[in-house]
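First up is the structure itself, then whatever we jot down about it.
There are 2 protein chains.
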Amino acid sequence: MPRVRSEEARREVLAATVELMAEQGFDAVSFEAVAGRSCVAKTTIYRHWSSKGALVIDAVTSILTPLPTPNTGDLRADLEACFGSFVDQSPQSPVNRVMASLVDASRRDPDLQRFSAQLIEARRTPLRTVLQLAQLRGEVGADLDIDAAVELLFGAFVVRRLILDLPVTDASRDAVLDTALGGLLTKVPAPQGG
Amino acid sequence: MPRVRSEEARREVLAATVELMAEQGFDAVSFEAVAGRSCVAKTTIYRHWSSKGALVIDAVTSILTPLPTPNTGDLRADLEACFGSFVDQSPQSPVNRVMASLVDASRRDPDLQRFSAQLIEARRTPLRTVLQLAQLRGEVGADLDIDAAVELLFGAFVVRRLILDLPVTDASRDAVLDTALGGLLTKVPAPQGG
DNA sequence: CCGGATCGCTACGATGTGTCCCGTCGAGGA
DNA sequence: TCCTCGACGGGACACATCGTAGCGATCCGG
Numbered sequence: 134m135p136r137v138r139s140e141e142a143r144r145e146v147l148a149a150t151v152e153l154m155a156e157q158g159f160d161a162v163s164f165e166a167v168a169g170r171s172c173v174a175k176t177t178i179y180r181h182w183s184s185k186g187a188l189v190i191d192a193v194t195s196i197l198t199p200l201p202t203p204n205t206g207d208l209r210a211d212l213e214a215c216f217g218s219f220v221d222q223s224p225q226s227p228v229n230r231v232m233a234s235l236v237d238a239s240r241r242d243p244d245l246q247r248f249s250a251q252l253i254e255a256r257r258t259p260l261r262t263v264l265q266l267a268q269l270r271g272e273v274g275a276d277l278d279i280d281a282a283v284e285l286l287f288g289a290f291v292v293r294r295l296i297l298d299l300p301v302t303d304a305s306r307d308a309v310l311d312t313a314l315g316g317l318l319t320k321v322p323a324p325q326g327g
Numbered sequence: 134m135p136r137v138r139s140e141e142a143r144r145e146v147l148a149a150t151v152e153l154m155a156e157q158g159f160d161a162v163s164f165e166a167v168a169g170r171s172c173v174a175k176t177t178i179y180r181h182w183s184s185k186g187a188l189v190i191d192a193v194t195s196i197l198t199p200l201p202t203p204n205t206g207d208l209r210a211d212l213e214a215c216f217g218s219f220v221d222q223s224p225q226s227p228v229n230r231v232m233a234s235l236v237d238a239s240r241r242d243p244d245l246q247r248f249s250a251q252l253i254e255a256r257r258t259p260l261r262t263v264l265q266l267a268q269l270r271g272e273v274g275a276d277l278d279i280d281a282a283v284e285l286l287f288g289a290f291v292v293r294r295l296i297l298d299l300p301v302t303d304a305s306r307d308a309v310l311d312t313a314l315g316g317l318l319t320k321v322p323a324p325q326g327g
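Which chain is which? The protein sequence lines are A and B, in order.
Taking our numbering, the leading residue of the first sequence gets 134, the next gets one more, and so forth.
Taking our numbering, the leading residue of the second sequence gets 134, the next gets one more, and so forth.
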């Protein structure tokens, strides 16, 4: 094990931070606790991260996967792809718990606030894009309120994962998408094929 | 100032707990901090509440308003009524912040978990009921997935309030309801009237 | 007037946190 | 080979906070 401890230590520290945040929440993340769990000296962690917020931001960033913006030409398929990453994750996935704790902590830390706002936007943007593409194709009406639609779809999945702590299954995803696409009120499909 | 301090002290303690939770989160709620803010001796608080969880549950309960289940005969009006209480609250309302923090803390405390699950159910039940009534009236199809519909509606408002920290205005509420009721896909209303 | 109970204040031990200081180890240059 | 420099790890320290125990003060009811 050569002297490249730095890089390995960094990964261990970030992993420990994620674990702590997932298990005990943002407030349980302290340099001391992270040091104890990561087996990296407390002083070393202080040298690399100037504040708890910076550490948490790096840690959360390390577990995020970039979201693709699908464009299959079919809204339903695009939406399924958008929420595909949600289906894979188990409800007790660290990502869910970390995000829930991050959202709460963001209310009291401007840096975290900006960071989590970016994360949320990154999750909503593909949805918005997919809907705009569908609007251009005429698959959804020109009068569709895209912001409201994003709020509905995004909200359904986020609430299920972060608040209800339920898994997003293929079945639940299909039910939500079917209901959202078709709407609540009784109606008949548009004559043009979609 | 007579000897009915008990009752007054109780209110002050619960109010201080709510404030603390709203401003600094669940973890900042300690018997010490509550005592300092409420001007009630720490030992007195310990005598009345056996644990922090019990104190928080009482405090949250004290700020909740019961949700009526409207039954106007019209789904849209019922839904507007369901979300009417959301419109009044400003985004920085203590209720929002308290609930956000409670949801996060619930992951680590079984008692809080049960409590917050009850709260969530209490918010979702009126929605489910008005949808079922609409289904009986034929206003929505018999094949409507009510659970999915609840998830969509509930999610949109909860995410807006707890995660995005945006106010629920009449305009945003109407947009969400219009979009949900009509659905995303292009369509025409059902010709039949009931 | 007095007994009982409740409340508030203070002090204490325990725990956890952030910072400072020093010893150690590996890398690169003379 | 030897030396110097920089990074890492460990220990010690001061400080803040938490939960608990003990004691006096105050008020209700008889």
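Glycine included, C-beta positions come from ideal geometry on N, C-alpha and C.
| Asked | Found |
| --- | --- |
| Short CB-CB distance (under 7 Å) between residue 312 of chain A and chain B | yes |
| Between the CA atoms of residue 309 of chain B and residue 134 of chain A - distance to the nearest angstrom | Unreliable positioning characterises residue 134 of chain A in this predicted model, as indicated by a pLDDT of 32, which lies under 50. A coordinate reading is not provided. |
| Proximity of residue 331 of chain A and residue 151 of chain A at Cβ, strictly below 7 Å | What is shown of chain A runs 134 to 327, which leaves residue 331 of chain A out entirely. |
| 7 Å Cβ cutoff, residue 335 of chain B in contact with chain A | Missing from the structure shown is residue 335 of chain B; chain B here goes from 134 to 327 and no further. |
| Counted within 10 angstroms of its Cβ, other Cβ atoms place residue 354 of chain B as buried (16 or more) or exposed | Any question about residue 354 of chain B goes unanswered here, given that chain B covers just 134 to 327. |
| For residue 273 of chain A, the three-state DSSP class (helix, strand or coil) | strand |
| Short-range partners of chain A found in the segment 281-313 of chain B, where Cβ spacing is below 8 Å | 281, 282, 284, 285, 286, 287, 288, 289, 290, 291, 292, 293, 295, 296, 297, 298, 305, 308, 309, 311, 312, 313 |
| Coarse secondary structure for residue 310 of chain B, derived from DSSP in three states | helix |
| Neighbouring residues, chain B, relative to residue 165 of chain A (Cβ below 7 Å) | By Cβ distance, chain B contributes nothing, its closest Cβ being about 16 Å from residue 165 of chain A, past 7 Å. |
| 7 Å Cβ cutoff met for residue 179 of chain B and residue 164 of chain B | yes |
| Any chain B beta carbon closer than 7 Å to residue 168 of chain A | no |
| Cβ neighbour criterion (16 or more within 10 Å) applied to residue 239 of chain B | buried |
| Proximity to residue 316 of chain A [Cα-Cα], best of B:278, B:299, B:252 | B:278 |
| Any alpha helix (DSSP H) of 4 or more consecutive residues that is wholly inside the segment 224-306 of chain B | 227-239, 243-270, 279-291 |
| Interface residues of the segment 204-216 of chain A facing chain B [CB-CB below 8 Å] | 208 |
| Limits of the unbroken alpha helix (DSSP H) element including residue 186 of chain A | 185-196 |
| 7 Å Cβ cutoff met for residue 149 of chain B and residue 231 of chain B | no |
| The segment 187-197 of chain A contacting the segment 297-314 of chain B, beta-carbon criterion three pairs below 8 Å | no |
| Exposure of residue 140 of chain B, with buried meaning 16 or more beta-carbon neighbours within 10 Å | exposed |
| For residue 200 of chain B, the three-state DSSP class (helix, strand or coil) | coil |
| Rounded straight-line distance, which links the Cα of residue 216 of chain B to that of residue 96 of chain B | Look at the range of chain B in this structure, 134 to 327, and you will see that residue 96 of chain B is not part of it. |
| Any C-beta of chain A under 7 Å from that of residue 327 of chain B | At residue 327 of chain B, the pLDDT of 34 sits below 50, so the modelled position is not reliable; the number obtained from the coordinates is stated separately. So no, residue 327 of chain B is outside the interface. |
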